[in-house]
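Step one of this worksheet: look at the structure below.
Protein chains in written order, with our numbering: chain A, 44 to 246; chain B, 361 to 689; chain C, 5 to 695; chain D, 106 to 270.
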């Protein structure tokens, strides 16, 4: 564990320490950013981001909390891990994007970003997982689209019919047998992460 | 050889063809699968965005269940054909080993359901890696009954199987060649697909259609530029995006792509002599039959010819680094 | 086995503040006060800078006035100042080996922020030294004569410089080079930055001088196989590989090369961009002038037929029967100037080298722009004819990247600027893009050269290139190589279509540098570069006496630095030769013959075969001249009758007791209640304030 | 600040690699547990098993022996001899009931300051978890004659005058 991670875990003081503390799985190496732009150059959705990941890291270092959490950048991350494997400083970029998403949701910032619907997609998705133990595409698509894109929901209906016709979508969700066990685990996990965004955070 | 099998939600539904063809291929290659009982969703790319610990606990339950499977005395190996499932399972195992703190918290959560998981006790595998590494090209070649002569295929690996490659199983995360080799063994003509590890956009179709369609377009364009008949994939998400959204891409960009997207197991099944129906052909949006009709009985003439010599006066061309793969047992 | 210190021990202890380097973390005054109360300690002081002349005076006057017989200095690492304080002892008439150092800076004050714990540790280290020094005995250094001959390994510009400096000073040099010719990488280059002088024009006269110098024995196409001995007396064994050319008869006319019917890609001199014959000289100005037959590719060796070279050779110099020759000679010093390997750009597949025809490495481009190279100096694409209309030069390929090499290769920025200039010069209409993270131009005339390129119209894009691809997205990209990058000064992703890409590959340690470092028994760092004795103050010496390093074998550097280091190494060697003898540490093993049981266990353990067994007396004996003082035999002797001077059992055992003063059950210390607080916040930035 | 057990470790560092690695760790201001007290030896091959026993007997909770990586020994192969001795020593200590973690052999080249510091941190953590060694109680027993029925063995490694003292 490096000095930053250690310091961050103990009592985060700067915004960077906060981000590091909220990112599980060893050292993030966030403090090592060289500003080379390999991440921004590699990002497949980089053209539509308000800030490239590199810019975001400079903003984190500068303590620009509001601007970072309002940025659409994390929501445009497609988790392709290109930046992470190419980063010359081995920064856990994808994991940091997940952290920023969690922080933005928690603090309600994302509503101001241009990707305001994205968290709702994630939440709708996990809602099915928590109730059934499996994901449910039809339910997800219907609920999410009707809420956010009623117009495109009509277009999506055709898509859904195509899926149904090819036997690629079910009308009802599948439920795992031991859903109680899963719910107990998830409840406990949320309880443990209470007060921090992540395991091993400030306690 | 017996492996644990984690199909994941996609293979249950939209990627049924992958599931069916994987089982056909496994049977022919002597791979025995035992499905992990009562597995749950891996959380895809969504759960970590909401609650990291719950995300790891969700995956942890699957690992804990897989560890209990006790397969033929060997260290448990769990095969996940879906890229996202494969990544989430191996990432959770890897980070739990890296960070004892995380392992402890995940285990406290699992304890609420009477479970526990010791990192490292399950080896997470992707189906491609099992076929190439454990079974090997030679064994695959022995099963080929109807070679895919004349079919030009673009091998598309996508992201999550080759990156970030927590277990260092991949020959090369930027330019893998193991599926290329496998498809060559089946008799197909493999194109040097430059975007083979680029991203299909994942869930971006739901967040920003504009962004997503552009990403899909790039993949289709490159396959078309290289005159591929089929894009071959190993991931349900990639298949869905490239296949089901192809029509939308055409509309949006005024293009006219008709490139079927099949799972590598479907092509293996066909080459092994299975019927198209057995391997789930017909479930795709872009009809694969016209492309498959190109398969010839004999290897095409040009493949037999020696590579043409570079023009006189040309400078020598450097070779690529070779990574040996596909040795088998 | 309670080790009673000798009766006459009167110990002086000096605790150094090192400015604030030690005093900030260790309570030096408390350590000095406390140690003053310990057995045999007569004087205990703390002082700002012990290594200063005033600090040394303190020791000297205390020895004289207080009759001290042993000295302990608690300060920095003995590798830094042991010699300094030994000198002070000697000046005051005390045998310098009656001194011991406690390392409370590197091993203590710099390694923690916890003052209480650091002070406690300092006391332990000082007490260890105090108890140890009580058992020290006077020792005399061992004089060793220096053989005036020198071995230089590597015939690049570093080795050439060292060899010529020494040879011109009148000393004999054996210059061993692995390749058929000397010249190294510099011989491959076209122009040199920033002055743009022609590399061959400045190098070849030096090569010729080496070839003709009466004081230089040039062993090309040769490799060192064995190194025995130590400073002053190394025995070197060299394998001179068979050239299959009789050097006595060969005139270097080149007819064999002309007549040889087979050509292969030259991966060494031409960096893969051109061809050479199977019997070849790497380049026309090669020194020595004799060609070499590449046995692996020679038709005669493969199939027993051809012999074209032999048939046409006017002096009958071709000798297919020739065998490798083993040569042995003696030298007093060794200079390793083995150079670097170019980073293999294929290891970064996203840059496409090996897959995309018009991606070139920097060394390929050097050969391409060289008038004597495969294209005669014309800049063309892989097809050999088309001139590129746009060229991208990618910096930091394999450098500044933890996935490959974390370090900066130091020369790439400058040679990339040079490439840009050469493209402008030869293809005035071509667009040139340099993709960089930072432009590193520290050197005489370097920054000015950068400004010149700005003036010439090179496009500088700040961003490390993400990938080079042939997958076109937009109409303008078809048929081009597309360089995808974040232009970090704009904060936008850009895709620049170009015809040619040059990868500015970094420098890395020779692939076999680890084996070489073992052969010469000297250190090699994590990256494979040879380790200098001190990174600032002793950059050409190594931890092994008599072995010096120069050039890129020590780390990436440009030609001026390499030449300076080559000359510096020569100066160091010349100094030793001039001195004639050196004094060696008397850390040697000694067998008490009267107690030796003759079991011979030590005989086989010694890596230097320094222990002989006397059959007549049935005892073993250490040959002092061969012993290197590792102490392995001392630790292994079942009868405990081998003593290792300056590292005796008594000395180490006493030191163990000392460092455990606070936890010893029999000792004077109470059971400690050390509260060590792991400091977490406020991690200090490293400061550069070493004395 | 917590009142917790802080182990004391004696470190035998070879002059050429590990001692310099510790120097480098300091120079690079790498902070690590101050629990290890280094003693310089020319080669890890000089470390007589007696030294290790002596340190444990005198109150150390653990001993770290650090040398050059195999194949990189300044004295050709002294560290290989250390390795062999180390395994024998470990076997003996095991019989005496001393936990494995208490005596560790570490390879650290002169450039591996970070690795050495990490090894010290790791070992300190392990020993904190194990608690104090308490050699007299554990190895010698209440009466100082060997706790595990190893009287003869103990008397061989434990000089009598010390026991009596």
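Where is the CB? At the ideal position from N, CA and C, for every residue including glycine. Keep in mind it's a predicted model, so treat the numbers as computed, not measured.
Would you tell me roughly how many angstroms separate the C-alpha atoms of residue i and residue j, rounded to the nearest one?
| i | j | result |
| --- | --- | --- |
| residue 507(B) | residue 672(B) | 36 Å |
| residue 59(C) | residue 624(C) | 45 Å |
| residue 302(C) | residue 327(C) | 16 Å |
| residue 547(B) | residue 659(B) | 8 Å |
| residue 3(C) | residue 182(C) | Shown here, chain C extends from 5 to 695; a query on residue 3(C) therefore has no answer. |
| residue 587(C) | residue 427(C) | 56 Å |
| residue 229(C) | residue 340(C) | 14 Å |
| residue 450(C) | residue 418(C) | 7 Å |
| residue 166(D) | residue 198(D) | 13 Å |
| residue 510(B) | residue 223(D) | 57 Å |
| residue 671(C) | residue 639(C) | Because residue 671(C) sits at a pLDDT of 43, beneath the cut-off of 50, its placement in the model cannot be relied upon, and the point is left open. |
| residue 123(A) | residue 555(C) | 42 Å |
| residue 74(A) | residue 57(A) | 12 Å |
Based on Cα-Cα distance, which residue from the options lies nearest to residue i?
| i | options | result |
| --- | --- | --- |
| residue 605(C) | 588(C), 158(C), 637(C) and 492(C) | 637(C) |
| residue 448(C) | 131(C), 42(C) and 198(C) | 198(C) |
| residue 648(B) | 621(B), 661(B), 634(B) and 655(B) | 621(B) |
| residue 274(C) | 444(C), 366(C) and 644(C) | 366(C) |
| residue 105(C) | 373(C), 169(C), 19(C) and 165(C) | 19(C) |
| residue 202(D) | 217(D), 159(D), 184(D) and 239(D) | 239(D) |
| residue 373(C) | 401(C), 422(C), 360(C) and 400(C) | 422(C) |
| residue 142(A) | 99(A), 84(A), 222(A) and 198(A) | 99(A) |
| residue 507(C) | 589(C), 350(C) and 492(C) | 350(C) |
| residue 483(B) | 505(B), 436(B), 557(B) and 441(B) | 436(B) |
Cβ closer than 7 Å: which chain C residues qualify as neighbours of residue i?
| i | result |
| --- | --- |
| residue 532(B) | 353 |
From the DSSP output, read off the bridge partner residues of residue i.
| i | result |
| --- | --- |
| residue 512(B) | 549(B) |
| residue 364(C) | 506(C) |
| residue 512(C) | 345(C) |
| residue 463(C) | 437(C) |
| residue 169(D) | 116(D) and 209(D) |
| residue 617(C) | 624(C) |
| residue 588(C) | 146(C) |
| residue 501(C) | 486(C) |
| residue 163(C) | Answer is none; residue 163(C) lacks a bridge partner. |
Whose Cβ in chain B lies nearer than 9 Å to the Cβ of residue i?
| i | result |
| --- | --- |
| residue 378(C) | 675 and 676 |
| residue 148(A) | 409 and 410 |
Using a C-beta to C-beta distance shorter than 7 Å, which residues of chain A count as neighbours of residue i?
| i | result |
| --- | --- |
| residue 405(C) | 131 |
| residue 479(B) | Here the premise fails: no neighbours, minimum Cβ distance about 12 Å. |
| residue 558(B) | 87 |
Residue i touches chain D at which residues, Cβ-Cβ below 7 Å?
| i | result |
| --- | --- |
| residue 529(C) | 216 |
What does residue i touch in chain A if you count any residue whose Cβ is under 8 Å from its own?
| i | result |
| --- | --- |
| residue 567(B) | 118, 119, 158, 160, 161 and 164 |
(request) Would you list, in chain order, the members of the stretch 368-383 of chain B that have their beta-carbon closer than 7 Å to a beta-carbon of chain A? (result) 369, 372, 373, 374 and 376
(request) Please name the residues in the stretch 65-94 of chain C whose beta-carbon is closer than 9 Å to at least one beta-carbon of chain D, in chain order. (result) 80, 81, 82, 83 and 84
(request) For the stretch 60-83 of chain A, enumerate the residues whose C-beta is nearer than 9 Å to any C-beta of chain C, in chain order. (result) 72, 75, 77, 78, 79, 80, 81, 82 and 83
(message) Along the stretch 470-488 of chain C, where does the CB come closer than 9 Å to a CB of chain B? Name the residues.
(response) 471, 473, 474, 475, 476, 477 and 482
(request) Could you please tell me which residues of the stretch 178-196 of chain D, in chain order, have their CB closer than 9 Å to any CB of chain C? (result) 178, 179, 180, 181, 182, 183, 186, 187 and 190
(request) Name, going along the chain, the residues of the stretch 83-115 of chain A whose beta-carbon falls closer than 7 Å to a beta-carbon of chain B. (result) 87, 88 and 91
(request) Using a Cβ-Cβ cut-off of less than 8 Å, list which residues of the stretch 491-513 of chain C approach chain B; keep chain order. (result) none
(request) Could you list the residues in the stretch 597-629 of chain B with a C-beta less than 8 Å from some C-beta on chain A, going in chain order? (result) 604
(request) Below 8 Å between beta carbons is the criterion; list the residues of the stretch 256-287 of chain C that meet it against any residue of chain B, in chain order. (result) 269, 276, 277, 278 and 279
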